[in-house]
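Before any comments, here is the structure.
Number of protein chains: 2
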Amino acid sequence: MDAYDSDERTSGAATTPGRRSRRTAADLDETAESGGDLDLSGLTGVVGYRLRRAQLAVFEDFNRRFQRFDLKPAQYSALLVIGDNPGRKQSEIAAALGIQRPNFVAMLDELERRGLAERTRSTTDRRSHAVVLTEHGRRLLAEARAEQAQQETDLGDLLGPGGRDALVSLLHRLTQAE
Amino acid sequence: MDAYDSDERTSGAATTPGRRSRRTAADLDETAESGGDLDLSGLTGVVGYRLRRAQLAVFEDFNRRFQRFDLKPAQYSALLVIGDNPGRKQSEIAAALGIQRPNFVAMLDELERRGLAERTRSTTDRRSHAVVLTEHGRRLLAEARAEQAQQETDLGDLLGPGGRDALVSLLHRLTQAE
DNA sequence: CGTTATTTGATATACGCCATAACAATTATC
DNA sequence: GATAATTGTTATGGCGTATATCAAATAACG
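Chains A and B, in that order, are what the protein sequence lines are.
The first sequence begins at 1477 in the numbering used here and counts up by one.
The second sequence begins at 1477 in the numbering used here and counts up by one.
Rendered as structure tokens:
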């Protein structure tokens, strides 16, 4: 699923005890192995590994919460950006979401099929499609926003006071540089 | 790509100014839109969105660094876990990595084809395959560990003192509960 | 002991996400 | 006015992941 390894020099506090590949004589019985748990110390303190696992967990939670809306993360983010930027070009919405234009076509098709969004031909540039939400789309988005806010609140409870904000800030820094 | 929305009640510090869906009269010119940047305030402070973006960024960096090894994150993590748990069953390795057993078959095939890992039939249970690294695999893993440690160090520099450890700790909490 | 259930590795398959190439219509450039 | 660039679209392939199914081997249990 993912990867990475940690190193004692780079991991200070948040890492688990850990053990290295070179075993001592006292560990030889474990090298033979029987039924115990695996040694995952090489992965536990690694940013990339933790990021992947956390993202999967949060998305899983998202999907549970949004089952009643029949909205996947990508669909919700699309509704959100369209709702906050009505009348923008289809390609602009896609770019903002980090979705390739070709892949956004089918996605918008689906939103349109469900009566949540609309393509309207621009009068000034007949190439582009100005995308807007329907009334139905706006209503659904309002409910979805509330559910999303609840998830954010629950994550705040889980991460402690200031923990959620600290996390968002740290994550933001990772996308700024690279 | 992903989704989520933030809410002023749940986001304290780390969020951007933002703007809500209901516009004021002063914002009407932006509702018509022309060429400016999009309003992404609904996404910037959201844990799920930030997680996804950060994970993609860190993985991209990983892939750049590991090009010379021809190792993808999943392959590196497999080598790592096998190296730290030699002789374990194929299914145990897969489970530890969060990979479905069927999907791990082709992956191990590839590692075996490249002479990095080996399947050896267990003498006690002729169903299972005890998986180990070859000498070549151990040598490659040693180099890969060093490169990975360097990435971790660089991430530490980027996130400030204690920032990396704090991030790992916060991410860990997200996977503990859910 | 022998029948049944479970485990293990493997194959086939399908779905979703993502990327690129190519195209027609339209607009911009010069 | 010829050429280039943009926009939406289609087609297509790769990659990761999930499920159903299977044969071989072992475990469970009457």
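Glycine residues also receive a C-beta, built at the ideal position from the N, C-alpha and C atoms.
Going along chain A, which residues have a C-beta under 7 Å from residue i?
i	result
E1568 of chain B	L1514
G1521 of chain B	V1644
A1653 of chain B	L1634
Using a cut-off of 7 Å between C-beta atoms, extract the partners of residue i located in chain B.
i	result
Q1531 of chain A	L1527, R1528 and Q1531
D1601 of chain A	Near D1601 of chain A there are no residues of chain B at all, since even the closest Cβ is about 12 Å away, more than 7 Å.
F1545 of chain A	Those within 7 Å of F1545 of chain A in chain B number zero; the least Cβ separation is about 11 Å.
Going by CA-CA distance only, name the one from the options that's closest to residue i.
i	options	result
R1615 of chain B	B:R1526, B:G1524, B:D1513 and B:L1556	B:L1556
S1570 of chain B	A:L1514, A:E1594 and A:D1633	Just to set this straight, residue 1570 of chain B is Ala in the shown sequence, not Ser. That would be A:L1514, whose Cα lies nearest to the Cα of A1570 of chain B.
R1589 of chain A	A:T1600, A:G1613 and A:S1604	A:G1613
R1540 of chain A	A:G1638, A:Y1525, A:A1620 and A:D1601	A:A1620
E1623 of chain A	A:Y1525, A:A1530, A:G1524 and A:F1542	A:F1542
A1582 of chain B	B:D1560, B:F1538, B:T1600 and B:Q1551	B:Q1551
L1547 of chain A	A:L1587, A:I1575, A:Q1652 and A:N1579	A:L1587
L1549 of chain B	B:G1574, B:R1526 and B:Y1525	In the sequence under discussion, the amino acid at residue 1549 of chain B is Pro, which differs from the Leu named in the question. The shortest C-alpha separation from P1549 of chain B is found at B:G1574.
Starting from the beta carbon of residue i, find every residue of chain A whose beta carbon is closer than 9 Å, and list them in chain order.
i	result
H1612 of chain B	The contacting residues do not exist; H1612 of chain B stays about 15 Å from chain A at best.
Going by beta carbon distance, what residues of the same chain come within less than 7 Å of residue i, once the five residues before and after it are set aside?
i	result
A1625 of chain A	none
A1572 of chain B	V1557
A1489 of chain B	Any answer about A1489 of chain B is weak, because its pLDDT of 34 lies below 50 and its placement is not dependable; what the coordinates show is given next. Excluding sequence neighbours, A1489 of chain B sits near nothing in its chain.
Under a Cβ-count criterion, where at least 16 other Cβ atoms within 10 Å of its own Cβ denotes burial, should residue i be classed as buried or exposed?
i	result
G1636 of chain A	exposed
T1500 of chain A	In this prediction, T1500 of chain A has a pLDDT of 41, which is less than 50 and means its spatial position is unreliable; nothing more can be read from the coordinates.
A1618 of chain B	exposed
E1536 of chain A	exposed
A1554 of chain B	buried
G1512 of chain B	exposed
A1642 of chain B	buried
Q1531 of chain B	buried
Q1627 of chain B	buried
Skipping 5 residues on each side, what residues in its chain have a beta carbon closer than 6 Å to that of residue i?
i	result
A1606 of chain A	G1563, T1596 and S1598
S1567 of chain A	R1577
S1604 of chain B	K1565 and S1598
F1545 of chain B	A1620
G1591 of chain B	T1610 and H1612
What does residue i reach in chain A if we use C-beta pairs closer than 8 Å?
i	result
G1639 of chain B	L1646 and R1649
Ignore the nearest five residues each way along the sequence and tell me which others in residue i's own chain have a CB closer than 8 Å to its CB.
i	result
V1608 of chain A	I1558, P1562, G1563, A1593, E1594 and T1596
L1631 of chain A	V1534 and R1640
Residue i touches chain B at which residues, Cβ-Cβ below 8 Å?
i	result
A1572 of chain A	L1514 and L1516
Which residues of chain B have a Cβ atom closer than 9 Å to the Cβ of residue i, listed in chain order?
i	result
V1557 of chain A	L1514, D1515, L1516, G1518 and L1519
Please identify, using Cβ separations under 7 Å, the residues of the region 1620-1634 of chain A that lie next to chain B, in order along the chain.
R1621, Q1624, A1625, E1628, T1629, L1631, G1632 and L1634
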